[in-house]
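Q: Residue numbering for the sequence shown follows our numbering, beginning at 315 and increasing consecutively. All C-beta atoms, glycine included, are put in the ideal place defined by N, C-alpha and C. Since the model is a prediction, treat every value here as computed from it, not as a measurement. Structure provided below as structure tokens; questions to follow.
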Amino acid sequence: MNWLMDTTGGNFLLTLLVAMVPVVELRGAIPFGVALGLPIPLSVIASIIGNLIPTPFIIVYVRRIFQFLRRINRKLNGLVTRLEDRAHLKSASVEKYGMVGLCILVAIPLPGTGAWTGSLVAALLDMRLKRAMPAVIVGVCIAAVIVTTITYGVTALI
């Protein structure tokens, strides 16, 4: 298990996995990777890849997963409804501005935005994967630039 914490490859993998976590996503993974000792470019690459891995699955399957969760447990119905309501609140800009709105929703590195939320909005608006994915990718890359700039500025001061 030492290889996971003591090697660049292990740190890259840990950073990639952190970027896959909802809410944390790329905005938490880049500083995490840098804190582990990864060079900034490797931390950014791991974070982008990790943040993008769940997005096609969310876009394609989340509606079916929500239906399944509602069927198997009534208590999960409330959680699913809250997630859908949150996505619908965020969907106004996407409906108004289309792919540019989706890209901006994903790019803003604030709570309640990001690749997971953008993918959920795309799914609930019935966007096709081949239409939504480019906007999500561009948004994740813009977020990476913003977070990297902030992270690099902070680490340069230390």
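Assign residue 448 to one of three DSSP states: helix, strand, or coil.
A: As a working note, residue 448 is residue 134 in the sequence shown. If DSSP states are grouped into helix, strand and coil, residue 448 belongs with the helices.
Q: Less than 8 Å between C-beta atoms, sequence neighbours within five positions excluded: which residues of the same chain meet that for residue 453?
A: Here residue 453 is taken as the residue at index 139 of the sequence shown, counted from 1. Taken in chain order, the residues that qualify are 416, 417, 418, 419, 420, 421, 429, 432.
Q: For a test of the three-state rule: what should DSSP assign to residue 408, helix, strand or coil?
A: Along the sequence shown, read from residue 1 onward, the residue named residue 408 stands at position 94. DSSP places residue 408 in helix when its eight states are reduced to three.
Q: Taking residue 462 as the reference, which of 336, 342, 445, 322 has the closest Cα?
A: The residue you call residue 462 lines up with position 148 of the sequence shown. When only C-alpha atoms are compared, the closest one is 342.
Q: Secondary structure at residue 368, three-state DSSP: helix, strand or coil?
A: Taking the first residue of the sequence shown as 1, we reach residue 368 at position 54. In this structure, residue 368 counts as coil in the three-state DSSP scheme.
Q: What's the call for residue 408, buried or exposed, on a 16-neighbour Cβ count within 10 Å?
A: Here residue 408 refers to the residue found at position 94 when the sequence shown is read from its first residue. Residue 408 should be labelled buried.
Q: Quick check on the DSSP output: the alpha helix (DSSP H) that includes residue 341 runs from which residue to which?
A: If you number the sequence shown from 1, residue 341 lands on position 27. Note, residue 341: alpha helix (DSSP H), 339-350.
Q: Is the segment 346-364 close to the segment 320-332, with three or more CB pairs under 8 Å?
A: In short, these stretches touch, since the Cβ pair count reaches three.
Q: Only counting the same chain, and skipping five residues up and downstream in sequence, which positions put a Cβ closer than 7 Å to that of residue 372?
A: Counting from 1 along the sequence shown, the entry for residue 372 is found at position 58. Correct list, in chain order: 430, 433, 434, 437.
Q: Based on Cα-Cα distance, which residue from 412, 389, 322 lies nearest to residue 354?
A: Numbered from its first residue, the sequence shown carries residue 354 at position 40. Closest option to residue 354, Cα to Cα, is 322.
Q: Going by CA-CA distance only, name the one from 356, 374, 363 that's closest to residue 443.
A: Sequence index remark: in the sequence shown, residue 443 carries index 129 (1-based). Comparing Cα positions, the closest option is 374.
Q: When burial is assigned at 16 or more other CB atoms within 10 Å of the CB, is residue 376 buried or exposed?
A: As a position in the sequence shown, residue 376 is number 62, starting the count at 1. The residue is buried, with at least 16 neighbouring Cβ atoms inside 10 Å.
Q: Indicate the three-state DSSP secondary structure (helix, strand or coil) for residue 391 in the structure shown.
A: Here residue 391 refers to the residue found at position 77 of the sequence shown. In this structure, residue 391 counts as helix in the three-state DSSP scheme.
Q: Are residue 458 and residue 361 touching if we call contact CB-CB under 8 Å?
A: On the sequence shown, residue 458 is found 144 positions in, with the first residue counted as 1. On the sequence shown, residue 361 is found 47 positions in, with the first residue counted as 1. Yes. Within cutoff.
Q: Among 357, 364, 465, whose alpha-carbon lies nearest the alpha-carbon of residue 325?
A: On the sequence shown, residue 325 is found 11 positions in, with the first residue counted as 1. Looking at the Cα atoms, 357 is the closest of the given residues.
Q: Please confirm whether residue 463 has its beta-carbon closer than 8 Å to some beta-carbon of chain B.
A: The structure shown contains no chain B, having only a single protein chain.
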